[in-house]
Amino acid sequence: MKKAVIAALLLVLAGAGIGWGLSAPTRMSAQEAALLTEGDAARGELVFWAGGCASCHAAKGADGEDLLKLGGGLRLETPFGVFVAPNISPSEADGIGAWSLVDFANAMTHGTSPGGENLYPAFPYTSYVRMSAADLGDLFAFLKSLPIVEGKAAAHELGFPFNIRRGLGLWKRLFLDPAPVIASPLNGADVDRAVWERGRYLVEGPGHCGECHTPRDFAGGLVLADWLGGAPAPTGEGKIPNITPVEGGFGSWSAADIAYYLESGFTPEYDSVGGEMVHVQENMARLPASDREAIAAYLKAIPPVSAGSD
Amino acid sequence: MRIIRNATTLGLIAGLGLAGAVAQAAADPIPTRQAIMSSVGAAAGLGGGMMKGEIAYAPAAGKAAIATMRAASLSFGNFFPAGSDKGNSDAAAKVWSDAAGFAAQLAKFTAATASAAEASGKSGPADLDAFKEAFGPVLGTCKSCHETYRKQK
């Protein structure tokens, strides 16, 4: 009897130990870190717009130069609670001014803070994990060149169990994966492979389109089988549309229509962009036309998702 | 007696129903504002098509696009009475919960169409460049309102 109790106790402890081990925040390997080099701020500006950093980290309603003041504070009201975007300006005390490039890359690709805490995936590192070392270096150089904003943003407002950061380590093991979502263009698609891959990089990586356009399961992980198939809006009213080439839906948009929408904010029927997509479209409008065309080429040659919330 | 009363009730209900239907046809704000917005979309399509070079520019067409926008900007805001958030509508709850913000967006729309109408004059902007200068700012107001006051879709 005593033996059984001890055995059960040991089992619980072992389980807890495994859970503790599996939930540990991960970091880049030394080889991966060695690939990082100090980048070029001018090139980093394009990565900055492609990544949509200002949409969450600038003040709500910011415009023009104010989009470069990344003091945080925007509240994302989600089913898991309220996430408040942090200060990522180069302030040493309140932002990322004291971070090294490796610290930054660990946050972007592992969701791990310099202090070794798990970051919440409201920060879309599940997409940023696909970014190249060169882009990370360039983006970091650009962020370092921006105005310092003093003051920390407010804390997140999350209930149990979402307020336990350690638990995110397990979540990351399930949902953090640097592999491309779509391995190759849809069979039979007449598309330049290099252009398509540039589009894939922008959509699946920095652009983090899947974070809103793909439905999530009960644990908050993306359902990759329905990649870009549309989802309920994560914040606010309404839904996020299906942007796969599905018949009777987005499939009727030509590649030129998609590129024009990203540039101008107008659909083929001259309806205008709305909701959170307004910021995204304005960011995409700052990229070279070739990048908008690459995004269009990619979206035209991915598997259509018919059973969607479109 | 009972039969008569029932018949009377029935007549009353039918009469009310008819009155309701008539009132609805005249004043149901949701289809009215949707019709106005679809005229905005059509004007944007005409104007945008000319700006893109897909439709040949003509001053009369430029004038039509601007005049449509002008009329819509002056009338659209009148069809969001309290209670008209229910039903088949893409209007976001913020139209009513943040009425001042919505009014400010409508004012931007109205101001942009006023300048465009002035530039348009009697016979419409003379050439495509003049049209672009007048019409571009009108198109720019679409998303600034749709960002907050329309449901995502």
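Line by line, the protein sequences are chains A and B.
Everything in the first sequence is counted per the working numbering, starting at 1 for the first residue and increasing by one.
Everything in the second sequence is counted per the working numbering, starting at 1001 for the first residue and increasing by one.
Backbone N, C-alpha and C define an ideal beta-carbon position, used for all residues, glycine too.
Quantities reported herein were computed from a predicted structural model and do not represent experimental measurements.
Is the beta carbon of residue j closer than 8 angstroms to that of residue i?
{"i": "A/G167", "j": "A/G71", "result": "no"}
{"i": "A/L186", "j": "A/A301", "result": "yes"}
{"i": "B/A1134", "j": "B/I1066", "result": "yes"}
{"i": "B/P1059", "j": "B/P1125", "result": "yes"}
{"i": "B/S1084", "j": "B/P1029", "result": "yes"}
{"i": "A/I88", "j": "A/L143", "result": "yes"}
{"i": "A/S55", "j": "A/N242", "result": "no"}
{"i": "A/R216", "j": "A/P178", "result": "no"}
{"i": "B/L1046", "j": "B/A1071", "result": "no"}
{"i": "A/N118", "j": "A/G199", "result": "no"}
{"i": "A/G97", "j": "A/I148", "result": "yes"}
{"i": "B/G1193", "j": "B/F1131", "result": "Look at the range of chain B in this structure, 1001 to 1153, and you will see that residue 1193 of chain B is not part of it."}
{"i": "A/A256", "j": "A/A141", "result": "no"}
{"i": "A/W171", "j": "A/A107", "result": "no"}
{"i": "A/G395", "j": "B/Q1152", "result": "The structure shown has nothing for residue 395 of chain A, since chain A only spans 1 to 310."}
{"i": "A/Y270", "j": "B/A1056", "result": "no"}
{"i": "A/G137", "j": "A/T37", "result": "yes"}
{"i": "B/Q1105", "j": "B/S1073", "result": "no"}
Going by Cα to Cα distance, which pick from the options is closest to residue i?
{"i": "A/W196", "options": "A/I182, A/V246 and A/P79", "result": "A/I182"}
{"i": "B/H1146", "options": "A/A289, A/G249 and A/E237", "result": "A/E237"}
{"i": "A/L139", "options": "A/G51, A/L299 and A/S272", "result": "A/G51"}
{"i": "B/F1079", "options": "B/K1151, B/T1032 and B/F1131", "result": "B/T1032"}
{"i": "B/R1150", "options": "B/N1088, B/A1116 and B/A1117", "result": "B/N1088"}
{"i": "A/T158", "options": "A/A122, A/T126, A/S127 and A/S252", "result": "For clarity, residue 158 of chain A is Leu in the given sequence; the question names Thr instead. Ranking the options by Cα distance to A/L158, first place goes to A/A122."}
{"i": "B/K1129", "options": "B/A1042, B/S1038, B/G1048 and B/A1035", "result": "According to the sequence shown, residue 1129 of chain B is Asp rather than Lys. If we check each option's Cα against that of B/D1129, B/G1048 comes out closest."}
{"i": "A/Y260", "options": "A/D94, A/T244 and A/R286", "result": "A/R286"}
{"i": "A/A289", "options": "A/S306, A/L262 and A/P303", "result": "A/L262"}
{"i": "A/A85", "options": "A/S252, A/C53 and A/A255", "result": "A/C53"}
{"i": "A/V278", "options": "A/I6, A/I240 and A/E293", "result": "A/I240"}
{"i": "A/S29", "options": "A/A58, A/H110, A/E92 and A/F83", "result": "A/H110"}
{"i": "A/S145", "options": "A/P90, A/F83, A/T112 and A/E32", "result": "A/P90"}
{"i": "B/T1148", "options": "B/A1116, B/Y1057, B/A1099 and B/K1122", "result": "B/A1099"}
{"i": "A/R27", "options": "A/W171, A/W99 and A/P114", "result": "A/P114"}
{"i": "A/L46", "options": "A/L22, A/S306, A/G207 and A/V191", "result": "A/G207"}
{"i": "B/L1139", "options": "B/Q1034, B/A1103, B/M1069 and B/S1038", "result": "B/M1069"}
{"i": "A/P25", "options": "A/V280, A/I164, A/D190 and A/S306", "result": "A/I164"}
{"i": "A/G230", "options": "A/S306, A/Y120, A/G61 and A/L68", "result": "A/S306"}
{"i": "A/L228", "options": "A/D66, A/Y298, A/L174 and A/S23", "result": "A/Y298"}
List the residues of chain A that residue i touches, going by C-beta distances under 7 angstroms, in chain order.
{"i": "B/A1072", "result": "What B/A1072 touches in chain A: nothing, since even the nearest Cβ is about 13 angstroms away."}
{"i": "B/E1147", "result": "G274, G275 and V278"}
{"i": "B/K1143", "result": "G265, S272, V273, G274 and V278"}
Listing by chain order, which chain A residues have their CB less than 8 angstroms from the CB of residue i?
{"i": "B/K1132", "result": "Correct list: empty, because the minimum Cβ distance to chain A is about 13 angstroms."}
Check whether the Cβ of residue i lies closer than 8 angstroms to any Cβ atom in chain A.
{"i": "B/Q1152", "result": "yes"}
{"i": "B/A1065", "result": "no"}
{"i": "B/K1086", "result": "no"}
{"i": "B/A1019", "result": "Note that B/A1019 has pLDDT 42, beneath the 50 cutoff, so the model's placement of it is unreliable and the number below is only indicative. With 8 angstroms as the cut-off, B/A1019 does not count as an interface residue toward chain A."}
{"i": "B/E1118", "result": "no"}
Closer than 7 angstroms by beta-carbon distance: list the chain B residues that pair up with residue i, in chain order.
{"i": "A/Y270", "result": "G1041, A1044, G1045 and G1048"}
Under 8 angstroms between beta-carbons, which chain B residues line up against residue i? List them in chain order, please.
{"i": "A/I240", "result": "Q1152"}
Please list, in chain order, the chain A residues whose beta carbon lies closer than 9 angstroms to that of residue i.
{"i": "B/E1054", "result": "None at all; the shortest Cβ gap to chain A is about 11 angstroms."}
{"i": "B/A1093", "result": "E237"}
Output yes if chain B places a C-beta closer than 8 angstroms to the C-beta of residue i; else output no.
{"i": "A/A233", "result": "yes"}
Am I right that residue i and residue j are in contact with their C-beta atoms under 8 angstroms? What's the rounded C-beta distance?
{"i": "A/P234", "j": "A/C212", "result": "6 angstroms"}
{"i": "A/S254", "j": "A/G265", "result": "Actually they are not in contact, since the Cβ atoms of A/S254 and A/G265 sit about 17 angstroms apart, beyond 8 angstroms."}
{"i": "A/P304", "j": "A/P245", "result": "5 angstroms"}
{"i": "A/L176", "j": "A/T214", "result": "That belief does not hold up - the Cβ atoms of A/L176 and A/T214 are roughly 15 angstroms apart, past 8 angstroms."}
{"i": "A/F162", "j": "A/G81", "result": "6 angstroms"}
{"i": "A/D135", "j": "A/L202", "result": "With 8 angstroms as the limit, A/D135 and A/L202 do not qualify as a contact, their Cβ atoms being about 10 angstroms apart."}
{"i": "A/A154", "j": "A/G73", "result": "7 angstroms"}
{"i": "A/A33", "j": "A/V102", "result": "5 angstroms"}
{"i": "A/F48", "j": "A/H156", "result": "Rounded, the Cβ-Cβ distance is 24 angstroms, inconsistent with contact."}
Report yes if the C-beta of residue i is less than 7 angstroms from at least one heavy atom of the ligand FMN; otherwise report no.
{"i": "A/L68", "result": "With respect to the ligand FMN, the structure offers nothing, as it holds no ligand at all."}
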